[in-house]
Each structure stands twice: as C-alpha cells, then as structure tokens.
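Q: Remember, my numbering sits 225 above the position in the sequence shown when you count from 1.
Note that CB positions come from ideal geometry on N, CA and C, so glycine has one too.
Note that the structure is predicted; figures quoted are calculated from it, not measured.
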Amino acid sequence: MRLLILAVALLLAACEPGANGPLAGSNGCALVAERTVAFTGPEARDTVEARAIGRDCAGAVVVWTVRNAAGKPLFAHAAPYEWIHKPVDPTSAAQLQAFLDSWASAPVDDTSASPEWKADGVTAPEAWGPGGASMFVRETYESIRAAKLPRICLPISSDAYQCIFYDAEAEAVDVHFSGGA
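1) Okay, do the segment 278-287 and the segment 314-321 touch, 3+ Cβ pairs below 8 Å being the bar?
2) Please list the terminal residues of the continuous beta strand (DSSP E) segment that includes Asp392.
3) Could you tell me how far apart the beta carbons of Val257 and Glu268 are, in whole angstroms, since I believe they sit closer than 8 Å?
4) Would you say Cys378 and Ala331 are within 8 Å of each other, going by their C-beta atoms?
5) Which of the three DSSP states, helix, strand or coil, is assigned to Leu256?
6) Spatial neighbours of Leu374 within its chain, please: C-beta separation below 7 Å, excluding the five flanking residues on both sides.
7) Report buried or exposed for Ser403, applying the criterion of at least 16 other Cβ atoms within 10 angstroms of its Cβ.
8) Express the C-alpha separation of Val333 and Ile278 in angstroms, rounding to a whole number.
9) Can you tell me where the alpha helix (DSSP H) holding Phe324 begins and where it ends?
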C-alpha cells in the first residue's frame, strides 16, 4: 500500500499548476511496455506493465505494476527513471523504451529460488548483499521460501532489487526480501 501511495504522489508531483496535465506540449514522454504472466496462478493471465510518464524522458517517472486478469493492481513501484537506470542519453525515448521492455520482462519463478537463510546465527543471507533485508523473521522467510509461491524480482534502484510474491490464500502480494548494495 505504501508503494501505491508513493506512486500516486510521484505522478501528482509531475504535474504543474496551469498545465493541461503532465504531458502538455509536444515534448511529453508517455511510453509503456506490457506482458502477460502467470503470477496469481499457473494458468492466470495477469499483466506486468512498465510505464514512463513525464514532460520529457529525462525527467520521467517510471511505474512498474503487476495486475491480475481483471486489471486490479496487485503491486506497484514508482521512482524517477534516473534512480533505477543510468542511461547514456537520458533524453532518448528509444533508450527509455528499451529499459521499460526489459523491466516488464522480469521473470516469474517461485520463492524456492530465494536465497536460503540458514539458522547459523547470521542475521541475513549474504546473497542479499550488504543492503539486503526482509520484513520477515527467519522462520517466516523460510516457510514462504518452502511454499514455492509465485515470485518476481525487479530492480527498484540502480543498485537494489526487490522480490515480491503472491499468496493465493491471502489474495495478496508482499515483499519477500530486498537486496543490493
């Protein structure tokens, strides 16, 4: 929910009073990449959408959303494009579209692919990186891992990523862990 509120706040911040919206004028940047995935179930027709919105591509906000087959957003992440990707030419719509295509292509696997959190006194798996964290205690993290729930890992900044999972029983998406520097 926090991420959805952040996404809305970032989108609203892109608007200026007196303009006809964030894409007023001829230099607007509105790009999208979508793909169908099976996230909420093996035969599901869910959608991953990566979108860029802004007055220009250099200042675009990018939004990554996974929606169920009915179109309901299950999870979203938004950030300025430059926070997630360091393009050679930030004004290039083609370069931004290539990033969106790649971002929307984050594979669906399952939580068993998450690093094991051994009970040897270590506070977190080394594979998460020095900035890695999970909101779950080790036992809960490992039970989610063992449940083999659908999982998607996506970049959330230029040096960090987040792995989310879908719990069909709770009909909810949650963050399994975040990793990176």
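A: Quick look at the numbers:
1) yes
2) Within the sequence shown, residue 392 is the residue found at index 167, counting from 1. Element bounds for Asp392: Ala385 to Asp392.
3) Working through the sequence shown from its first residue, we reach residue 257 at position 32. Working through the sequence shown from its first residue, we reach residue 268 at position 43. With a Cβ gap of about 25 Å, Val257 and Glu268 do not count as contacting.
4) Working through the sequence shown from its first residue, we reach residue 378 at position 153. Working through the sequence shown from its first residue, we reach residue 331 at position 106. The beta carbons of Cys378 and Ala331 sit closer together than 8 Å.
5) As a working note, residue 256 is residue 31 in the sequence shown. DSSP places Leu256 within a strand segment (E or B) once states are collapsed to three.
6) Residue 374 sits at position 149 when you count from the first residue of the sequence shown. Asp335, Thr336, Phe390, Tyr391 and Asp392.
7) One-based indexing of the sequence shown puts residue 403 at position 178. Ser403 comes out buried.
8) As a first step, residue 278 is located in the sequence shown; it is residue number 53 there, counting from the start. As a first step, residue 333 is located in the sequence shown; it is residue number 108 there, counting from the start. So the two alpha carbons sit approximately 25 Å from each other.
9) For the purposes of this step, residue 324 is taken as residue 99 along the sequence shown, with counting starting at 1. Unbroken alpha helix (DSSP H) run through Phe324: Ala318 to Ala329.
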